[in-house]
Amino acid sequence: MAPEEKLDPIPDSFILQPPAFHPVVPYITTIFGGLHTGKMVMLQGAVPRDAHRFQVDFQCGCSLDPRPDIAIHFNPRFHTTRPHVICNTLHGGHWQVEARWPGLALQRGASFLILFLFGNEEVKVSVNGQHFLHYRYRLPLSRVDTLGIFGDISVQAVGFLNISPFAEGSREYPTGHPFLLQSPELELPCSHTLPQGLWPGQVIIVRGLVLQEPKYFTLSLRDKAAHTPVMLRASFTDRTLVWVSPWGRKTLISSPFLFHPQRFFEVLLLCQEGGLKLALNGQGLGAISLGQQMLERLREVQVRGSIQLYCVHC
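Per full-length UniProt numbering, residue 1 is the first one in the sequence shown, and the count goes up by one each step.
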């Protein structure tokens, strides 16, 4: 990318950031684009057997002195007679009235997947796929731009997600595991098998980071004979995104080009009856018709291109 080249503006809601693998605690990081309705933060890890407590803070800044406001303080405590979770807000250096939830859904010595889902008026928290608590905001969500993790916790991965663009108006937790812990970077080309082909409701997720001087990116769906009935191809030379279907027929996807050098991206393909829906960085980009028989014949997902690949989930 030439120094004088300007990137197309991208709405904050489409700005994603790479996952963090095995961060050292205490861990503090900026939340790209800040928090907003529909954003999710996923925390994957384990609780040490001798844990007393840990906390996850969604902060308004990261200064050390004065201490920043904390809009959402999530604090599991294991050392008391009855383990519980405290949620609270720190404003102007003073803690407000704490909210307490008994029946802690986390256990010493056990792994966990915690998902924070940010709505209009409250944050919902699920643990291992089950709703655990909700906490109403006491400070504007728009002020939050920093995540802090402290205490007795072993963190495997931190992911920053958006609600599925295919679920219109939905504010529920995403189904399944939207982010799977793998090696920090997968080798390319990367292939995953589809033992039963594609079926309605299945989602293919690809996440990665575009390299500094990219040329292309492809996501191919192949049959048993290694033919490629359908391919999604991004060309960085002419900044186009196209579907390449059988016999080389190309269909241009008319949308802003949301792949940019040294920026994180997320591609979602949702299988539906007779076709695929596409979303890039949380923005739905329409569908392609393939026919149900064609979808059932597909047996492999292959990813190539000028990227660092972090996740392929089928």
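Ideal placement from N, C-alpha and C gives every residue a C-beta, glycine not left out.
Chain-order list of residues whose beta-carbon lies under 8 Å from that of Pro229 (same chain, five-residue window excluded)
Within the sequence shown, the letter at position 229 stands for residue 229. Excluding residues within five positions, the ones whose Cβ falls inside 8 Å are Leu221, Arg222, Asp223, Ser245, Pro246, Leu290, Met294, Arg297, Leu298.
Flag this pair as yes or no: are the beta carbons of Leu198 and Cys271 separated by less than 7 Å?
The count along the sequence shown starts at 1 and reaches residue 198 at position 198. The count along the sequence shown starts at 1 and reaches residue 271 at position 271. Closer than 7 Å, so yes.
Counting only the same chain and skipping the five closest in sequence on each side, list residues whose C-beta sits under 6 Å from that of Leu209.
Stepping through the sequence shown from its first residue, residue 209 is reached at position 209. Taken in chain order, the residues that qualify are Pro18, Phe264, Gln308.
Thr51, buried or exposed, once every other Cβ within 10 Å from all chains shown has been counted against 16:
Position 51 of the sequence shown holds residue 51. Inspection of the sequence shows that residue 51 is occupied by Ala rather than by Thr. By the neighbour-count rule (16 or more Cβ atoms within 10 Å), Ala51 is buried.
Our contact map puts Leu276 next to Leu285 with C-beta atoms below 8 Å; I'd like the distance itself, whole angstroms only.
Taking the first residue of the sequence shown as position 1, residue 276 is located at position 276. Taking the first residue of the sequence shown as position 1, residue 285 is located at position 285. Taking the Cβ atoms as the reference, Leu276 lies roughly 11 Å from Leu285, outside the contact range of under 8 Å.
Beta-carbon within less than 6 Å of Ser183's beta-carbon, same chain only, minus the 5 sequence neighbours each way: which residues are those?
The residue you call residue 183 lines up with position 183 of the sequence shown. For Ser183, the pLDDT reaches just 49, beneath the cut-off of 50, and the residue's location in the model is therefore unreliable, although a value from the coordinates is still provided. Excluding sequence neighbours, Ser183 sits near nothing in its chain.
Which whole-angstrom value is the C-beta distance of Val155 and Tyr27, which I expect to be below 8 Å?
On the sequence shown, residue 155 is found 155 positions in, with the first residue counted as 1. On the sequence shown, residue 27 is found 27 positions in, with the first residue counted as 1. Correct: roughly 7 Å between the Cβ atoms.
Can you round the beta-carbon distance between Arg100 and Phe78 to whole angstroms, since I take them to be within the 8 Å contact cut?
Along the sequence shown, read from residue 1 onward, the residue named residue 100 stands at position 100. Along the sequence shown, read from residue 1 onward, the residue named residue 78 stands at position 78. At roughly 14 Å, the Cβ-Cβ gap does not stay under 8 Å, so Arg100 and Phe78 are not in contact.
Going by beta-carbon coordinates alone, are Gln59 and Gly148 separated by less than 7 Å?
Within the sequence shown, numbered from 1, the residue matching residue 59 stands at position 59. Within the sequence shown, numbered from 1, the residue matching residue 148 stands at position 148. For Gln59 and Gly148, yes; Cβs fall inside 7 Å.
Within 10 angstroms of its Cβ, does Pro102 collect 16 or more other Cβ (buried), or is it exposed?
Translated into positions along the sequence shown, residue 102 becomes position 102. Within a 10 Å sphere around the beta-carbon of Pro102 sit fewer than 16 other beta-carbons, which makes this residue exposed.
Count the other CB atoms within 10 Å of the CB of Arg136; is the residue buried (16 or more) or exposed (fewer)?
Position 136 of the sequence shown, counted from the start, is the residue given in the question as residue 136. Exposed: under 16 other Cβ atoms inside 10 Å.
Out of curiosity, what's the CA-to-CA distance linking Val144 and Pro195?
Sequence index remark: in the sequence shown, residue 144 carries index 144 (1-based). Sequence index remark: in the sequence shown, residue 195 carries index 195 (1-based). Just so you know, the alpha carbons of Val144 and Pro195 end up roughly 43 Å apart.
With C-beta atoms as the reference, is Gly305 less than 7 Å away from Phe217?
Taking the sequence shown and counting its residues from 1, the one referred to as residue 305 is at position 305. Taking the sequence shown and counting its residues from 1, the one referred to as residue 217 is at position 217. Contact check for Gly305 against Phe217 passes: the beta carbons are separated by less than 7 Å.
In its own chain, which residues sit with a C-beta less than 6 Å from the C-beta of Phe150, not counting the 5 before and 5 after it?
To locate residue 150, count along the sequence shown from 1; it is residue 150. Closer than 6 Å at Cβ, skipping near neighbours: Pro26, Gln55.
Run the CB neighbour count on His227, radius 10 Å, all protein chains shown included, and call it buried at 16 or more, exposed below.
Sequence index remark: in the sequence shown, residue 227 carries index 227 (1-based). Classification of His227: exposed, given that the 10 Å Cβ count is below 16.
Could you please give the first and the last residue of the uninterrupted beta strand (DSSP E) stretch that includes Leu295?
Taking the sequence shown and counting its residues from 1, one reaches residue 295 at position 295. For Leu295, no beta strand (DSSP E) encloses it; the enclosing alpha helix (DSSP H) starts and ends at 292-297.
Find the nearest neighbour of Arg82 within the set Gln107, Asp69, Phe74, judged by alpha-carbon distance.
The count along the sequence shown starts at 1 and reaches residue 82 at position 82. Closest option to Arg82, judged by alpha-carbon separation, among Gln107, Asp69, Phe74: Gln107.
Of all the options Asn88, Val158, Ile205, Asn120, which has the alpha carbon lying nearest to the alpha carbon of Phe112?
Within the sequence shown, numbered from 1, the residue matching residue 112 stands at position 112. Ranking Asn88, Val158, Ile205, Asn120 by Cα distance to Phe112 puts Val158 first.
Which residue's Cα is closest to the Cα of Pro23: Gly274, Ser254, Asp65, Ile153?
Here residue 23 is taken as the residue at index 23 of the sequence shown, counted from 1. Of Gly274, Ser254, Asp65, Ile153, the residue nearest in Cα terms is Ile153.
Excluding the five sequence neighbours on either side, which residues of its own chain have a C-beta within less than 6 Å of the C-beta of Pro178, listed in chain order?
Within the sequence shown, numbered from 1, the residue matching residue 178 stands at position 178. Any reading at Pro178 is ruled out, since the residue's pLDDT is 46, under 50, leaving its predicted position unreliable.
Are the Cβ atoms of Cys62 and Ile204 separated by less than 7 Å?
In the sequence shown, counting from the first residue as 1, residue 62 sits at position 62. In the sequence shown, counting from the first residue as 1, residue 204 sits at position 204. Contact flag unset, no.
Whole angstroms is fine: what's the gap from Ala105's alpha carbon to Arg49's?
Working through the sequence shown from its first residue, we reach residue 105 at position 105. Working through the sequence shown from its first residue, we reach residue 49 at position 49. Inter-residue distance for Ala105 and Arg49 is about 15 Å (C-alpha atoms, whole angstroms).
Along the chain, where does the beta strand (DSSP E) that runs through Val230 open and close?
Your numbering for residue 230 matches position 230 in the sequence shown. Annotation: the continuous beta strand (DSSP E) that includes Val230 extends over 230-235.
With C-beta atoms as the reference, is Gln302 less than 7 Å away from Ser191?
For the purposes of this step, residue 302 is identified with residue 302 of the sequence shown, where counting begins at 1. For the purposes of this step, residue 191 is identified with residue 191 of the sequence shown, where counting begins at 1. By the CB criterion at 7 Å, Gln302 and Ser191 fall inside the cutoff.
Please list, in chain order, all residues of the same chain as Asn75 whose beta carbon is under 6 Å from its beta carbon, the five residues on each side excluded.
Reading the sequence shown from its first residue, position 75 is the one you call residue 75. Result list for Asn75: Gln55, Ile86, in chain order.
Rounded to the nearest angstrom, what separates Gly38 and His134 at their Cα positions?
Here residue 38 refers to the residue found at position 38 when the sequence shown is read from its first residue. Here residue 134 refers to the residue found at position 134 when the sequence shown is read from its first residue. Their Cα atoms are separated by approximately 15 Å.
Can you tell which of Asn120, Gly129, Glu122 has its C-alpha closest to the C-alpha of Ile114?
The residue labelled residue 114 in the question sits at position 114 within the sequence shown. Proximity to Ile114 across Asn120, Gly129, Glu122 peaks at Gly129, based on C-alpha coordinates.
Would you tell me roughly how many angstroms separate the C-alpha atoms of Leu269 and Ser126, rounded to the nearest one?
Position 269 of the sequence shown, counted from the first residue, corresponds to residue 269. Position 126 of the sequence shown, counted from the first residue, corresponds to residue 126. The straight-line gap from Cα to Cα measures roughly 25 Å.
Between the alpha carbons of Ala20 and Gln262, how many angstroms are there, rounded?
Residue mapping note: residue 20 aligns to position 20 of the sequence shown, counting from 1. Residue mapping note: residue 262 aligns to position 262 of the sequence shown, counting from 1. Spanning the two alpha carbons is a distance of roughly 16 Å.
Are the beta-carbon atoms of Glu273 and Pro200 separated by less than 7 Å?
To locate residue 273, count along the sequence shown from 1; it is residue 273. To locate residue 200, count along the sequence shown from 1; it is residue 200. Annotated as proximal: Glu273 and Pro200, with beta-carbon spacing under 7 Å.
Look at the alpha carbon of Leu7 and the alpha carbon of Arg239, and state the distance between them as a whole number of angstroms.
Residue numbering aside, residue 7 sits at position 7 when the sequence shown is read from its first letter. Residue numbering aside, residue 239 sits at position 239 when the sequence shown is read from its first letter. In this prediction, Leu7 has a pLDDT of 45, which is less than 50 and means its spatial position is unreliable; what the coordinates show is noted afterwards. Between the alpha carbons of Leu7 and Arg239 lies a gap of roughly 11 Å.
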